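Chains as they are written, first to last, in this note's numbering: chain A, 58 to 385; chain B, 14 to 305. Just so you know, even glycine gets a beta-carbon here, dropped at the ideal spot from N, CA and C. Predicted model only: the values in this text are computed from it and were never measured. First the structure, in the form of structure tokens, and then the observations on it.
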Amino acid sequence: MAAVRLHHLSCGFASGTLAVDDVSFELAAGEFFCLLGPSGSGKSTMLRLIGGYLEPQTGSVWINDRDVTKVPPERRNTGMVFQNYALFPHLSALDNVAFGLRVKGVSKVEREAKAHEMLDWVGLTHNERHRRPVQLSGGQQQRVALARALAFGPSLLMLDEPFANLDRSLRERLREEMREVQRRAGITTILVTHDRDEALALGDRIAVMDQGRLLQLGTPEEVYRQPTNTTVAIFLGHRNVLTAEASGKCGMEGTVLLWPERLRIHKAGQHAGIVRRMVFTGSHRVLAVSLDNGVELDVHTTHDAEHQVGDRVKVEIPAEAVTRIPDA
Amino acid sequence: MKTARQRAWLWSAPSVVLLLGLLVWPMIYLVRLSLCEGGSQSGFGIGGSFYKPGTWTLKVYATLLSERYFWEVLGFTVWLGFVVAALCVVLGYPTAHFLWQLPKRWKPAALVFVIIPKLSSLLVTIYGLKIILGDFGPVNAALQALGVIKEPLALQHSATGVVIGKTLLVLPYTILLIWAGLERLDRGLISASRGLGATTWQSFVWVTLPLSLPALAAATLVSLIWALGAFISPYLLGSPDQITLAVDVQRQMFENLHWPRGAGEGVAMLLTLTLIAGGFALIRPREYASPR
Chain A
58 MAAVRLHHLS
68 CGFASGTLAV
78 DDVSFELAAG
88 EFFCLLGPSG
98 SGKSTMLRLI
108 GGYLEPQTGS
118 VWINDRDVTK
128 VPPERRNTGM
138 VFQNYALFPH
148 LSALDNVAFG
158 LRVKGVSKVE
168 REAKAHEMLD
178 WVGLTHNERH
188 RRPVQLSGGQ
198 QQRVALARAL
208 AFGPSLLMLD
218 EPFANLDRSL
228 RERLREEMRE
238 VQRRAGITTI
248 LVTHDRDEAL
258 ALGDRIAVMD
268 QGRLLQLGTP
278 EEVYRQPTNT
288 TVAIFLGHRN
298 VLTAEASGKC
308 GMEGTVLLWP
318 ERLRIHKAGQ
328 HAGIVRRMVF
338 TGSHRVLAVS
348 LDNGVELDVH
358 TTHDAEHQVG
368 DRVKVEIPAE
378 AVTRIPDA
Chain B
14 MKTARQRAWL
24 WSAPSVVLLL
34 GLLVWPMIYL
44 VRLSLCEGGS
54 QSGFGIGGSF
64 YKPGTWTLKV
74 YATLLSERYF
84 WEVLGFTVWL
94 GFVVAALCVV
104 LGYPTAHFLW
114 QLPKRWKPAA
124 LVFVIIPKLS
134 SLLVTIYGLK
144 IILGDFGPVN
154 AALQALGVIK
164 EPLALQHSAT
174 GVVIGKTLLV
184 LPYTILLIWA
194 GLERLDRGLI
204 SASRGLGATT
214 WQSFVWVTLP
224 LSLPALAAAT
234 LVSLIWALGA
244 FISPYLLGSP
254 DQITLAVDVQ
264 RQMFENLHWP
274 RGAGEGVAML
284 LTLTLIAGGF
294 ALIRPREYAS
304 PR
């Protein structure tokens, strides 16, 4: 049984360009799925299509083997954490969390008990529960939004860039806490993000999108180690992506990805060049080398300051440093 | 060197002078005038003075308080104010909500439609309304043709006419104020509410409505103040037996030529407005800001 199934989904703007272009995939129950892509890639539109806030032009959306394409959001039973959290400013944190149960007609005692349970879960103190959103910090608001999205027992949790408005250290902590909450709840989750570290760290599987199309789908390791597409490789942060032309100059064929930690620098190697920049990162040095044939490469070395900026060096490209990108 | 605050004062000086000269001073003058003795006793005080300068008396207020006529006029004025304000809110809120929901590209056109009645001359609007509401106007003609009524309804020269006319004149303000309030509301909150299982109606009752209460209260107050000052509608559409304070002030000033009494009624109107606005300030709903 697929928790979510998207079948040839397309959705366009009034201008005629497609925000989502023929996307299909399936999610297994309990899976944590990351939609990764640059802004404008259509990933937020995907969430709005799945949540029912937007109707697709073609294709269908299935949740728990039920076709919900024409079903309004209030009958899809999906919990959503919006990028700006969209907390109700006139309600306390507690009432925000209880809202989903209140509209279902659950009694006050019952829904508040459940809301307290959820807020216990996300770790909001009792004091903070009676404050209104404006009196809470960004991180506290994020927790309330997560609790609210889970409290009414949805069959799917959707998160739209939930950490984008938080500072880095808080982001990393909340990220882990949220993954833990999700794992305990065992709920199928879709996270939309433009942050590749976030997607790689959280996802059971990730899907990379660009210009409305699904470029690659797989486990974080698969997508990182074997990108099938130049755009995916570049978006995942790979620096040494050589076009067919550039790789030809280095004696290889087709588009390739070179792993900087597997390239070697010698006094005598295959490809002569000059060190342009050097950055010390702690665990290693990153050398930006311009080869004489015009190709720019990043090379990682763990050696001591053996080379200086401006040094002439030779780069060896062993076979294990090369991954071919099929550009499918 | 001048501080920013001092500079701000400087810039506002012309409007402060204007306010003092054209609003505050006339009001003081109005109060002073109401404390004078009337000059002319006859209805045609040609040649006589309209008040006796330099005299001090509370005669005007004593007359007003003891006089049935004044209380009837004041009562009708307040009744009209509340009826018109209520109608404006009841008609204006759904309209504003509809306009808020319109696609962005249609909103400028919709805005023009709302303010068109305010761009044309007040008299043209009211005389147009007199034709429509007249005994042989389209409304009565249509109702008679349909057999709903036999005799034409008294749609003008009656309280009905005044209410229709004044509502028409005030409604654009009500709509604009509520609309502006709704536009400040984050639409994402409605999406969030729907996503949590609330129907369109539940979302309206539990999210949109409470968050638009401040705008609703402001719109009600403005409509009320506007309607309490009704002059043209009762003057042209109303019956001579049911007039508002504004109409009576004009009568006292220019027909009865009793300026102190006209001024006294003006003061009474100001006090009524202040009382009502003060009452509203007490029940003003809370404004809830969204984070950030």
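query, result
"8 angstroms Cβ cutoff, V160(A) in contact with chain B", "yes"
"Residues, ordered as in the chain, of the region 87-108 of chain A that lie near chain B by beta-carbon distance below 8 angstroms", "G108"
"CB contact check: E131(A) to chain B, cutoff 8 angstroms", "yes"
"Reduced DSSP secondary structure (H/G/I, E/B, other) of Y301(B)", "coil"
"Same chain only: Cβ atoms within 8 angstroms of L135(B), ignoring 5 sequence neighbours per side", "L182 and I245"
"Under 8 angstroms between C-beta atoms of V152(B) and L159(B)", "no"
"Pair within 8 angstroms by beta-carbon distance, A240(B) and F139(A)", "no"
"Straight-line Cα distance separating T138(B) from V175(B)", "13 angstroms"
"DSSP-derived helix/strand/coil call for V125(A)", "coil"
"Below-8 angstroms beta-carbon distance, F139(A) vs any chain B residue", "yes"
"Reference N406(A), options G99(A), T380(A) and R123(A), closest by Cα", "This structure cannot settle anything about residue 406(A), because the visible part of chain A is limited to 58 through 385."
"Contact under 8 angstroms by Cβ, Q239(A) with T246(A)", "yes"
"Run of the beta strand (DSSP E) containing F145(A), from where it starts to where it stops", "Per DSSP, F145(A) belongs to no beta strand (DSSP E) and is neither H nor E."
"Chain A residues whose Cβ lies nearer than 7 angstroms to that of Q215(B)", "V160"
"P273(B) beta carbon less than 8 angstroms from that of G51(B)", "yes"
"Interface partners of H147(A) on chain B, CB under 7 angstroms", "P223, L224 and Y301"
"Distance CB(F83(B))-CB(T257(B)) smaller than 8 angstroms", "no"
"At least 3 beta-carbon pairs within less than 8 angstroms: the region 23-40 of chain B vs the region 258-268 of chain B", "no"
"Residue closest to R296(A), alpha-carbon to alpha-carbon, out of V77(A), A345(A) and D78(A)", "A345(A)"
"CB contact check: R197(B) to chain A, cutoff 8 angstroms", "no"
"Per-residue contacts from T135(A) into chain B (C-beta, under 9 angstroms)", "G208"
"Alpha helix (DSSP H) segments (min. 4 residues) lying fully within the region 151-197 of chain B", "151-158 and 172-196"
"V138(A): first and last residue of the uninterrupted beta strand (DSSP E) it sits in", "T135 to V138"
"7 angstroms Cβ shell around A242(A) - same chain, five flanking residues per side excluded", "L207"
"C-beta contact flag for L299(A) and A378(A) at 8 angstroms", "no"
"A59(A) versus A85(A) - alpha carbon distance", "5 angstroms"
"Other residues of its chain near W24(B): CB distance less than 6 angstroms, five sequence neighbours each side excluded", "none"
"8 angstroms Cβ cutoff met for N121(A) and P211(A)", "no"
"Positions along the region 205-232 of chain A whose CB lies within less than 9 angstroms of some CB in chain B", "R205, A206, A208, F209, P211, M215 and N222"
"Assigned secondary structure, S55(B) (DSSP; H/G/I helix, E/B strand, else coil)", "Its pLDDT being 49, under 50, S55(B) is placed unreliably by the model, and nothing is read from it."
"C-beta neighbour in chain A for G194(B), strict 8 angstroms", "no"
"Stretch pair the region 63-82 of chain A + the region 220-238 of chain A: three plus CB contacts closer than 8 angstroms", "no"
"K161(A) (DSSP reduced to helix, strand or coil)", "coil"
"Reference A247(B), options P107(B), Y140(B), G105(B) and Y64(B), closest by Cα", "Here residue 247(B) turns out to be Pro, not Ala, going by the sequence shown. Ranking the options by Cα distance to P247(B), first place goes to Y140(B)."
"Reduced DSSP secondary structure (H/G/I, E/B, other) of M215(A)", "strand"
"Listed by chain order, chain A residues near G201(B) by CB distance under 7 angstroms", "F139, N141 and A143"
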